[in-house]
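Below is one structure, written out as structure tokens; the observations come after it.
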Amino acid sequence: MARELTEEEKRRIAANKAEALRRAEERKRREALAAVQQKNVPFLQQPSHVIAGVSATPHPAPHQAPISSFLGASKVIAQNHKPPTPARLPKSNVQVEFSVLTSDRLKIRFSPYHVAVLEAIKSVPSRAYDSKDRTWSIDVREMKKCEEALKSLTPVDVTIEHVPDNVMKLLTDTEGKHVVPTDLSLIMDPALIERLFPFQKIGVTFGIEKNGRLLLADEMGLGKSIQALTLARYYKAEWPLLIVCPSSVKSAWKGQINKFLPAIQRIHLIDKGTDVLPDARTSNTVVIMSYDQMVIKKKELEAACYYVIIFDESHLLKDGKAKRTQVALLLSRKASRVILLSGTPALSRPAELFSQIRLVNDRLFPNFHQFAIRYCDGKQGRFCFEAKGCTNSEELTAILSKRVMIRRLKSQVLTDLPDKRREVVYLSGDKIDARMSSLQKAKKAYETTKQQNSDTKGSHECLLEYFSLTGIVKAAAVCSHILDNYFYPDAPKRKVLIFAHHQIVLDTVQVEVQKRNLKSIRIDGQTSSKDRGSLCQAFQDDPEVEVAILSMTAAGVGITLTAASVVVFAELHWNPGTLLQAEDRAHRVGQKDSVFVQYLIARNTADDIIWPLVQRKLDVLGQVNLSNETFRNAESSHLKCETQSSHPKEITDFFNHGDPECSVKRARLDD
């Protein structure tokens, strides 16, 4: 069934029809004029001047030539007369531009509009029209066919701006692609494959197709670590496996290996420079170390020659001149399989992506200068070559998606996700460290009182003081995490609930949210019942209200905020019921999305006491069938919060931080 023409197309057709009628009338008029001129040749008039020997009288003289002579001359003139030919109108010139839209489609723009050009594009079977963008697109494999149709046009001169040949080669070349069976359980442990969501199986398949060298860039919370471990296990014959990650998540990686790969018995955590790398080269050996230890043990790692490597939080390798990046590049060149993990890509500063691409495929873009000119607005500055911009971003994303990168958003895999997922984020960096000294006195007072075991009330009071100061210490890092992860430039629109316990933490979050010009609501113990209702309604109905800043005790019950799909706990609470009730402000009847819950924790703070306490309480409740909840299977990740945000207002890096996700918890709660 033919689709209905848009108003724009109808207008253009009417304009073309009117122009064609006008030109036809003009042509008929010229042809009629030429015919009249050819039939009606004027008689020659007698000369008005006096010729010598001839009387000027009007009466004919005896020697005057007969009229037949003039008629004869008229016939000769008529025979030699040619009617004027109509003027040939110049051809229209149309500029046609091909550009990369996705890894398998090209976008077409042309100007000015011409019906012949439109018909040529429509002759391509794969053509599609985007009414929002008002552009056409075709399959990348049909570009030549489309160009031939355009070049064959006679009513119009077409100037074509092509996609560079090297770009087309990168998009169409399938050399080296490994064939993978649809059912991964045929080539891997079925029990492990069974634990993957469908989109995670696709991620593993993509990695195998790329021979184990890729950028795994799924949105935060989609389980990158289980995909990485599954992919690495496919190459177990090439083990031992080396995992390089931030120091704070080494134990988290060990826990996930124990959970998903229980057959692995030899897991070596390299904590200090004196720790020795294992000699065993078996398929049951894994080495986990930090980036700093990787630099320290460069020579040992070179000698050991690891063939399968996972680099977690690959944004830490964005500086090509840094020692850690140089060591990682050296190890990657010797390795057969290199898996980079990072999340939240925003293609705004691709210069910082170049070194990460080289870790996976150093032949994809062998020259930084050419890469910078094409994709970073590279140019010679006053003092040096500058590559701070971003150009041809759709093309770069398409090339990466075709050759080395897989990226899924939560919105794209929503049908595969459980109702609710949890993640524990471990905060670190100077935004935490700069304030940690203020905690030491409170921590020492609590530990001293606890050891004396003489005053339970005094111990509890010390813990409350310790808990209060922990919130203050974490506040700046919490704000960085929320704003840099959910409200960076070009971030997808989403609504976020932020829960805290202390007023000073709520105040800090509110100030930072307002600095970003984000519209928000706040509900705490001082909010009246009347205002609570109107604030909740505004959050639910107004698309401009993106943040709700909430007290977990004052706003943890009795309200519905299902417009949010993300819940962030800036602080903990020793009562797990308070946390679960707060989660359910978003996870309840009316929620159409998968809810992602994050608990932000800082080590060496009161969180070290409260978080295990919450887990133990839930375990006890579970033993007596009073709760089916547990936080022990929550995902875990690490975030380094520096004073200088990794997301400048004008531009952000392609991979700003990674997170080693673990298993996705299938938690379905009934209201």
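Take any residue in the sequence shown, note its place counting from 1, add 43, and you have its number in the numbering used here. Each residue gets a CB set at the ideal place from its N, CA and C atoms; glycine is no exception. If you're wondering where the values come from, they're calculated on a predicted model, not measured in any experiment.
Straight-line CA distance for residue i to residue j?
i, j, result
"threonine 605", "glutamate 587", "15 Å"
"valine 456", "proline 241", "9 Å"
"glutamate 52", "arginine 177", "11 Å"
"valine 556", "valine 638", "21 Å"
"valine 210", "cysteine 433", "17 Å"
"glutamate 204", "alanine 57", "29 Å"
"serine 166", "valine 183", "15 Å"
"valine 640", "valine 539", "10 Å"
"lysine 431", "aspartate 636", "37 Å"
"lysine 188", "histidine 311", "57 Å"
"glutamate 626", "proline 619", "11 Å"
"arginine 66", "leucine 76", "16 Å"
"phenylalanine 697", "glutamate 437", "Bear in mind that the predicted position of phenylalanine 697 carries a pLDDT of just 30, short of 50, making it unreliable; the figure below should be weighed with that in mind. Computed Cα separation, rounded: 13 Å."
"leucine 661", "threonine 217", "51 Å"
"isoleucine 541", "isoleucine 652", "22 Å"
"methionine 263", "alanine 645", "19 Å"
"leucine 149", "valine 206", "9 Å"
"threonine 791", "isoleucine 331", "There is simply no residue 791 to check, as the chain begins at 44 and stops at 714 in what is shown."
"isoleucine 339", "glycine 363", "18 Å"
By alpha-carbon positions, which one of the options ends up nearest to residue i?
i, options, result
"proline 393", "Met211, Ile442 and Lys377", "Ile442"
"valine 590", "Leu452, His358, Gly255 and Lys536", "Lys536"
"glycine 316", "Asp335, Lys302 and Ala306", "Asp335"
"arginine 478", "Gln546, Ala58, Ile515 and Ala61", "Ile515"
"asparagine 435", "Gln483, Ile416, Lys660 and Ala613", "Ile416"
"alanine 543", "Val554, Ile475, Ala518 and Asp574", "Ala518"
"threonine 325", "Ile449, Tyr349 and Ser333", "Tyr349"
"alanine 598", "Val319, His545 and Lys635", "His545"
"lysine 253", "Tyr642, Thr491, Asp459 and Val222", "Val222"
"tryptophan 282", "Cys288, Leu274 and Val611", "Leu274"
"alanine 260", "Val609, Val640 and Asp355", "Asp355"
"serine 268", "Leu196, Leu383 and Ala371", "Leu383"
"arginine 406", "Arg376, Lys431 and Phe426", "Arg376"
"glutamate 162", "Ile400, Leu561 and Glu191", "Glu191"
"lysine 60", "Ala159, Tyr172, Thr368 and Val632", "Ala159"
"cysteine 505", "Thr513, Gln494, Ala488 and Leu512", "Ala488"
"proline 289", "Thr603, Leu470 and Asp650", "Leu470"
"isoleucine 25", "Glu69, Val381 and Leu643", "Lying before the first or after the last residue shown, residue 25 is absent from the chain, which here runs from 44 to 714."
"lysine 445", "Lys660, Lys212, Asp232 and Thr197", "Lys212"
"isoleucine 602", "Glu508, Val548, Asp574 and Lys453", "Asp574"
"serine 291", "Lys279, Lys493, Ile313 and Leu239", "Ile313"
According to DSSP, is residue i part of a helix, a strand, or is it coil?
i, result
"tyrosine 509", "helix"
"alanine 613", "coil"
"tyrosine 277", "helix"
"threonine 145", "strand"
"leucine 304", "coil"
"glutamine 569", "coil"
"glycine 386", "strand"
"serine 195", "coil"
"aspartate 584", "helix"
"glutamate 140", "strand"
"isoleucine 56", "helix"
"aspartate 182", "strand"
"cysteine 288", "strand"
"phenylalanine 240", "coil"
"histidine 630", "coil"
Within its chain, find whatever has a CB closer than 8 Å to the CB of residue i; leave out the 5 residues flanking it on each side and keep chain order.
i, result
"glutamine 423", "Glu429"
"arginine 559", "Leu526 and Phe530"
"histidine 92", "Low confidence applies to histidine 92: its pLDDT is 42, below 50, so where it sits in the model is not reliable, and the reading given next is rough at best. None."
"serine 563", "Gln553, Val556, Gln557, Val588, Glu589, Val590, Ala591 and Ile592"
"aspartate 173", "Trp179 and Ser180"
Please report the Cβ distance between residue i and residue j, rounded to the nearest whole angstrom; I am assuming they are in contact, meaning their Cβ atoms lie under 8 Å.
i, j, result
"valine 657", "leucine 622", "7 Å"
"arginine 276", "leucine 320", "Actually they are not in contact, since the Cβ atoms of arginine 276 and leucine 320 sit about 21 Å apart, beyond 8 Å."
"leucine 374", "leucine 344", "6 Å"
"valine 329", "isoleucine 286", "7 Å"
"serine 333", "threonine 368", "The Cβ separation is near 15 Å, so there is no contact."
"threonine 480", "leucine 512", "Strictly speaking, residue 480 in this sequence is serine, with threonine absent from that position. 11 Å between Cβ atoms; not a contact."
"lysine 453", "leucine 265", "7 Å"
CB-CB under 7 Å to residue i, same chain, minus the five flanking residues each way: which ones, in chain order?
i, result
"histidine 157", "Ser135, Val137 and Val199"
"cysteine 522", "Thr551, Val552 and Glu555"
"histidine 630", "Asp462, Lys463, Val638 and Leu712"
"alanine 378", "Tyr349, Tyr350, Val351 and Ile352"
"alanine 271", "Leu259, Ile353, Ile382 and Leu384"
Which residues in the same chain have their Cβ closer than 6 Å to the Cβ of residue i, if we skip the five residues on either side of it in sequence?
i, result
"valine 201", "Val137, Val139 and Leu193"
"alanine 171", "Ser180"
"methionine 448", "Leu258 and Ala260"
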